[in-house]
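Structure record follows, encoded as structure tokens.
In my numbering, the protein residues as written are 21 to 276.
Okay, here's the thing in structure tokens:
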């Protein structure tokens, strides 16, 4: 019990600007399987569509959108994002894949089959993570705000403030919609927060500390980032920037 409390407090300390009383449940996922992942990929976005894995990567001159063979990690299809763009999160709605950039205030729309760019869009501020709830794209920008965008017009439909015990949670990064909740990596931590999309309240924290590969342990740039949910099977996958491994994880039954 003491060890669990100390671990919870240590994880809690990694979250910036949140209250430290009455912490939500700390969940330690079980590893179901491990798969190869490109250790040179600065992972910014990750999602699954009809069983296929897609990934967007960042850094100027290295940014890309990819379709990846899940079990081998082999990049089967890709398109490079030319400088000076720093690629960020991505999500698919219908026949299009939407991808953000970090500070260029510009996003890209690709044909989901050919990866041909068919359009672009603009938005104020930074772009970090992207997912969707089936109706709206959901964008994070490093602040406590999550923006819900109309994918047809890319205009703001509404937004929520993500809070923990009434305090804002900052550095929301890669996003994934999982079974009615928004999961978000917290930049420069080992933590994922699970968010109620109606209220913005964090109801759980997923601790990925045990998953950090030894090859990148201690590297500040090789943080946990990347969450993908197979809505057809319920499988959940996580990875990180420059991680050599993609993990399939499962939450204890009492937390799902």
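Virtual Cβ for every residue (Gly too), placed ideally from N, Cα, C.
Anyone know if the C-beta pair for residue 55 and residue 184 falls short of 8 Å?
For this step, residue 55 is matched to residue 35 along the chain shown. For this step, residue 184 is matched to residue 164 along the chain shown. Cβ distance not < 8 Å, so residue 55 and residue 184 don't count as in contact.
Please work out which residues of its chain come closer than 7 Å, Cβ to Cβ, to residue 153, disregarding the five sequence neighbours upstream and downstream, and give them in chain order.
Here residue 153 refers to the residue found at position 133 of the chain shown. Excluding sequence neighbours, residue 153 sits near 197 and 217.
Buried or exposed: which applies to residue 83, given that a residue is buried once 16 or more other Cβ atoms fall within 10 Å of its Cβ?
The sequence position of residue 83 within the chain shown is 63, counting from 1. Under this definition residue 83 is a buried residue.
Output needed for residue 41: all residues of its chain with C-beta closer than 7 Å, excluding positions within five of it in sequence on either side, in chain order.
Mapped onto the chain shown, residue 41 falls at position 21. Note that residue 41 scores 45 on pLDDT, short of 50, meaning its location in the model is unreliable; the coordinates nonetheless yield the value given after this. Cβ neighbours of residue 41 beyond the five flanking positions: 185.
Have a look at residue 272 and residue 250 and give me their C-alpha separation to the nearest angstrom.
Counting from one through the chain shown, the residue named residue 272 turns up at place 252. Counting from one through the chain shown, the residue named residue 250 turns up at place 230. In a straight line, the C-alpha of residue 272 is about 18 Å away from that of residue 250.
Just how far apart, CA to CA, sit residue 219 and residue 78?
Working through the chain shown from its first residue, we reach residue 219 at position 199. Working through the chain shown from its first residue, we reach residue 78 at position 58. C-alpha separation (whole angstroms): 31 Å.
Which residues does DSSP pair with residue 113 in a beta bridge?
Position 93 of the chain shown, counting from 1, holds the residue named residue 113. 116.
State the Cα-Cα distance for the pair residue 200 and residue 236, rounded to the nearest angstrom.
As a position in the chain shown, residue 200 is number 180, starting the count at 1. As a position in the chain shown, residue 236 is number 216, starting the count at 1. Cα to Cα, residue 200 sits roughly 32 Å from residue 236.
Can you grab the Cα-Cα spacing for the pair residue 74 / residue 209, in whole Å?
What you label residue 74 is simply residue 54 of the chain shown in a count that begins at 1. What you label residue 209 is simply residue 189 of the chain shown in a count that begins at 1. Spanning the two alpha carbons is a distance of roughly 23 Å.
Classify residue 95 as helix, strand or coil using the three-state DSSP reduction.
Looking up residue 95 in the chain shown gives position 75. Strand, per DSSP.
Any contact between the region 258–265 and the region 241–248? By contact I mean 3 or more CB pairs, one from each, below 8 Å.
Cβ pair count under 8 Å is three or more, so yes.
Which first and last residues belong to the beta strand (DSSP E) in which residue 140 is found?
Along the chain shown, one-based indexing puts residue 140 at 120. It spans 137–142 - the beta strand (DSSP E) in which residue 140 sits, taken as one unbroken run.
For residue 46, is the classification buried or exposed, using 16 other Cβ atoms within 10 angstroms of its Cβ as the cut-off for buried?
As a first step, residue 46 is located in the chain shown; it is residue number 26 there, counting from the start. It is buried - the Cβ of residue 46 has at least 16 other Cβ atoms within 10 Å.
Helix or strand or just coil, what does DSSP make of residue 194?
What you label residue 194 is simply residue 174 of the chain shown in a count that begins at 1. Strand at residue 194.
Go ahead and label residue 243 buried or exposed: buried means 16 or more other beta carbons lie within 10 angstroms of its beta carbon, across all protein chains shown.
Reading the chain shown from its first residue, position 223 is the one you call residue 243. Label assigned to residue 243: buried.
First and last residue of the beta strand (DSSP E) that includes residue 80?
Position 60 of the chain shown, counting from 1, holds the residue named residue 80. Note, residue 80: premise wrong, no beta strand (DSSP E); not H, not E.
Restricting to Cα atoms, I'd like to know which of 81, 215 and 231 is closest to residue 225.
Numbered from its first residue, the chain shown carries residue 225 at position 205. Checking every option, the nearest Cα to that of residue 225 belongs to 215.
If you reduce the DSSP assignment to three classes, tell me which class residue 258 lands in.
Translated into the one-based positions of the chain shown, residue 258 becomes position 238. Strand.
For residue 126, I'd like the list of residues in its chain whose CB is within less than 7 Å of its CB, leaving aside the five on either flank, ordered along the chain.
Sequence index remark: in the chain shown, residue 126 carries index 106 (1-based). Once the five neighbours on either side are set aside, the close Cβ partners of residue 126 are 140 and 142.
Answer with buried or exposed for residue 238, where buried requires no fewer than 16 other C-beta atoms within 10 angstroms of its C-beta.
Working through the chain shown from its first residue, we reach residue 238 at position 218. Exposed, by the Cβ-count rule.
Assuming residue 150 and residue 107 are in contact, meaning their beta carbons sit under 8 Å apart, how far apart are those beta carbons, in whole angstroms?
As a working mapping, residue 150 is identified with position 130 in the chain shown. As a working mapping, residue 107 is identified with position 87 in the chain shown. That belief does not hold up - the Cβ atoms of residue 150 and residue 107 are roughly 11 Å apart, past 8 Å.
Put residue 90 into one of helix, strand or coil per three-state DSSP.
Numbered from 1 along the chain shown, position 70 holds the residue referred to as residue 90. Reduced to three states, the DSSP call for residue 90 is coil.
Beta strand (DSSP E) containing residue 210: first to last residue?
Locating residue 210 in the chain shown gives position 190, counting from the first residue. Segment: none, residue 210 is in no beta strand (DSSP E) and carries neither H nor E.
Among the residues of its own chain, which have a CB less than 6 Å from the CB of residue 123, if the five just before and after it don't count?
In the chain shown, residue 123 corresponds to position 103, counting from 1. Excluding residues within five positions, the ones whose Cβ falls inside 6 Å are 146.
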